[in-house]
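Going left to right, the sequence shown walks through residues 65 to 257 as the numbering used here numbers them. Glycine included, C-beta positions come from ideal geometry on N, C-alpha and C. All of these numbers come straight from a predicted model, not from anything done at the bench.
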Amino acid sequence: TATVTVLSTPTISKAFSPATVDASQASTMTFTLGNPNSTALTNANFTDTLTGFSVAAPATLGGTCAGVTSSPPLPLVAGATSLNLTVPSLAASPATCTITIPVSAISAGTYTNTTSGVTTVETGATAGSPSNTATLTVIMLPLQVTKTPNVFTATPGSTINYVIGYGNPNVYTWFQSVEITDPVPPYTTFQSA
Numbered sequence: 065t066a067t068v069t070v071l072s073t074p075t076i077s078k079a080f081s082p083a084t085v086d087a088s089q090a091s092t093m094t095f096t097l098g099n100p101n102s103t104a105l106t107n108a109n110f111t112d113t114l115t116g117f118s119v120a121a122p123a124t125l126g127g128t129c130a131g132v133t134s135s136p137p138l139p140l141v142a143g144a145t146s147l148n149l150t151v152p153s154l155a156a157s158p159a160t161c162t163i164t165i166p167v168s169a170i171s172a173g174t175y176t177n178t179t180s181g182v183t184t185v186e187t188g189a190t191a192g193s194p195s196n197t198a199t200l201t202v203i204m205l206p207l208q209v210t211k212t213p214n215v216f217t218a219t220p221g222s223t224i225n226y227v228i229g230y231g232n233p234n235v236y237t238w239f240q241s242v243e244i245t246d247p248v249p250p251y252t253t254f255q256s257a
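Rendered as structure tokens:
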């Protein structure tokens with residue numbers, strides 16, 4: 065009598081929190097690995113190519129998966145755009161564990177990302193199903209500018225004072241070297257600012 069045990073490949077899912085950030089603000093990318101088998105699995109490996117965003121500083125690896133290694137070796141580097149991570153042991157079902165990595169982008173956009181399936185020693189080199197597709201949305205709101213006159217009607221030769229205000233509606237994005245151009249209204253001449 066022989067018994068053959070067929071093992072299922074581990075599962076992987078991913079999420080961003082928060083899923084919408086200002087440019088240069090960090091979001092936490094979380095991978096959740098699961099083992100559907102009644103037997104522990106070893107050397108659970110997966111890869112991820114980050115398109116449009118990268119590992120943020122400080123490049124810290126967190127989560128509940130123990131002993132995670134990387135190729136190239138840890139520590140993670142801020143600015144990295146590809147991941148190759150290995151979890152030495154995935155406990156038997158119903159256990160799951162997580163890996164967290166901070167990520168950010170400098171350009172506004174919507175970035176979708178899917179992680180490869182997971183391979184293990186016990187299930188072989190054929191990877192399981194890839195993760196769900198998670199989306200990171202990066203926004204950069206434009207500078208807000210207001211212009212208010214001190215009077216709304218004026219006689220010829222009188223002085224009109226304008227107050228020009230500006231503000232940055234982004235929580236984490238700084239604007240540098242801001243230049244505001246304001247043309248002189250028709251039938252008026254510039255005196256001073």
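DSSP lists no beta-bridge partner residue for residue 124. The continuous beta strand (DSSP E) containing residue 86 extends over residues 84-86.
The beta-carbon distance between residue 161 and residue 192, rounded to whole angstroms, is 15 Å. This is too long to meet the 8 Å contact definition. Around the C-beta of residue 242, fewer than 16 other C-beta atoms lie within 10 Å, and the residue is accordingly described as exposed.
Assigned with DSSP and collapsed to three states, residue 112 falls in strand. By the C-beta density criterion, residue 195 is buried, having at least 16 other C-beta atoms within 10 angstroms.
Using a Cβ distance threshold of 8 Å, residue 108 and residue 151 count as a contacting pair.
Exposed is the label assigned to residue 225, since fewer than 16 other Cβ atoms lie within 10 Å of its Cβ. In the structure shown, residue 175 adopts extended strand secondary structure according to DSSP, grouped into three states. Our two residues, residue 181 and residue 155, have alpha carbons roughly 18 Å apart in a direct line. Contact check for residue 203 and residue 172: beta-carbon distance about 6 Å, within the 8 Å limit, so the pair qualifies.
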